[in-house]
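Q:
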Amino acid sequence: MNDQGIPGSADGFRVVAVDADWPETRQFKGGGYNRVTGDIHVYLWFGSASYDPQVEHVIVFSASSGDAKASEVLADALEDYCHPGEGLPASLPASEPVTITADGKPVTLDLWRNSSNHCWVARGRVESTEVVLSGSEIEPSELRLVRVNDLAAYSTPIAFLPEREAISAAMGSDLQAAGPGRQLQAEDADTVMRALRDIAARGAGRGGPSRELHGDEADTVMRALRDLAQDAGPAGNLGAGS
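Take any residue in the sequence shown, note its place counting from 1, add 1016, and you have its number in my numbering.
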């Protein structure tokens, strides 16, 4: 971290994603950045907007090298995808190798399949990034992966916007270069969240959570929401096409 309190760049770490030809929704589902250790992890969802696990989808988890979170995510994914309702066995089931293209190069990962429900889990590394992939109704060897350092094209709820931008910044993404629209989106998201937090706090102080917006307060929130909507893509994907 520098003197201004801004996180430093995470050397060598890039989020792993399914390439741009993926036909379905691309969403940022969460992540974390530890300013002390430098560990970063990110969840991306590629599939239906309703997060339907029964249709074709892929979840991509990326973590910086050595992050213990990768082992936790692998255990959870194996339980959810390969042994639903049964818990994990005392030792991991046998895996098989699978080769996936990442940044145009072949990468071999460990793969676990569940033949009864077409689900699978894979784990390995893409250069310095630890990855855990899980999916259904798609053959993992057919995936083409890329590493990215800017998450602006991945839709996310307003509450996750600061997290998404902080992780992009930690990876060295130049938010200034993204143009004024991108900066305005982040600023508007902060404005909305500050206004709503303030309203909730004052409502609680008056004995109830609800209170109508009036005057400048209402104008500020509505203007910010309108600008956010204008910056959204056709399917409501904030920042798409940046």
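No residue lacks a Cβ here, since even glycine has one placed at the ideal position from N, Cα and C.
Given a cut-off of 9 Å on the beta-carbon distance, is the pair residue 1086 and residue 1139 in contact?
A: In this structure, residue 1139 lies closer than 9 Å to residue 1086 by Cβ.
Q: Quick one, which of 1038, 1040, 1036, 1057 has its alpha-carbon nearest residue 1046's?
A: If we check each option's Cα against that of residue 1046, 1057 comes out closest.
Q: Give the secondary structure of residue 1182 by DSSP, where H, G and I count as helix, E and B as strand, and everything else as coil.
A: Residue 1182: helix per DSSP, three-state reduction.
Q: With burial defined as no fewer than 16 other Cβ atoms inside 10 Å of the residue's Cβ, what is the status of residue 1172: buried or exposed?
A: Residue 1172 is buried by the Cβ-count criterion.
Q: I need the boundaries of the alpha helix (DSSP H) containing residue 1090, first residue and last residue.
A: Where residue 1090 is concerned, the enclosing alpha helix (DSSP H) stretches over 1085 to 1093.
Q: Using only the alpha-carbon positions, how far apart do residue 1075 and residue 1053 sit?
A: Cα to Cα, the separation comes out at about 25 Å.
Q: In whole angstroms, what separates the C-alpha of residue 1150 from that of residue 1166?
A: Between residue 1150 and residue 1166, the C-alpha separation is close to 22 Å.
Q: Return the first residue and the last residue of the beta strand (DSSP E) that residue 1063 is part of.
A: Looking at the DSSP string, the run of the beta strand (DSSP E) that includes residue 1063 is 1056 to 1063.
Q: Taking just the CA atoms, how far does residue 1185 sit from residue 1071?
A: Cα to Cα, the separation comes out at about 33 Å.
Q: Measuring alpha carbon to alpha carbon, tell me which residue in 1059, 1137, 1189, 1097 is nearest residue 1112.
A: Out of 1059, 1137, 1189, 1097, 1137 has the C-alpha closest to the C-alpha of residue 1112.
Q: Between the alpha carbons of residue 1131 and residue 1062, how many angstroms are there, rounded?
A: Distance between the alpha carbons of residue 1131 and residue 1062 is about 21 Å.
Q: If you drop the 5 nearest sequence neighbours on each side, which residues of the same chain put their C-beta closer than 7 Å to that of residue 1263?
A: This structure cannot settle anything about residue 1263, because the visible part of the chain is limited to 1017 through 1258.
Q: Return helix, strand or coil for residue 1126, following the three-state DSSP convention.
A: Note: residue 1126 maps to strand in three-state DSSP.
Q: Compare the Cα-Cα distances from residue 1168 to each of 1040, 1034, 1044 and report the closest residue.
A: Measuring from the Cα of residue 1168, the nearest candidate turns out to be 1044.
Q: According to DSSP, is residue 1035 part of a helix, a strand, or is it coil?
A: If DSSP states are grouped into helix, strand and coil, residue 1035 belongs with coil.
Q: Where does residue 1145 land, buried or exposed, given buried means 16+ other C-beta within 10 angstroms?
A: So residue 1145 counts as buried.
Q: Indicate whether residue 1064 and residue 1029 have their beta-carbon atoms separated by less than 9 Å.
A: In this structure, residue 1029 does not lie closer than 9 Å to residue 1064 by Cβ.
Q: Residue 1128 to residue 1148, Cα distance in whole Å?
A: In a straight line, the C-alpha of residue 1128 is about 11 Å away from that of residue 1148.
Q: Excluding five sequence neighbours on each side, which residues of the same chain lie with their C-beta closer than 6 Å to the C-beta of residue 1261?
A: Shown here, the chain extends from 1017 to 1258; a query on residue 1261 therefore has no answer.
Q: Which same chain residues end up closer than 8 Å to residue 1123 when comparing Cβ atoms and leaving out the 5 residues on each side of it in sequence?
A: Only 1115, 1116, 1117, 1140, 1141, 1142, 1161 meet the Cβ criterion.
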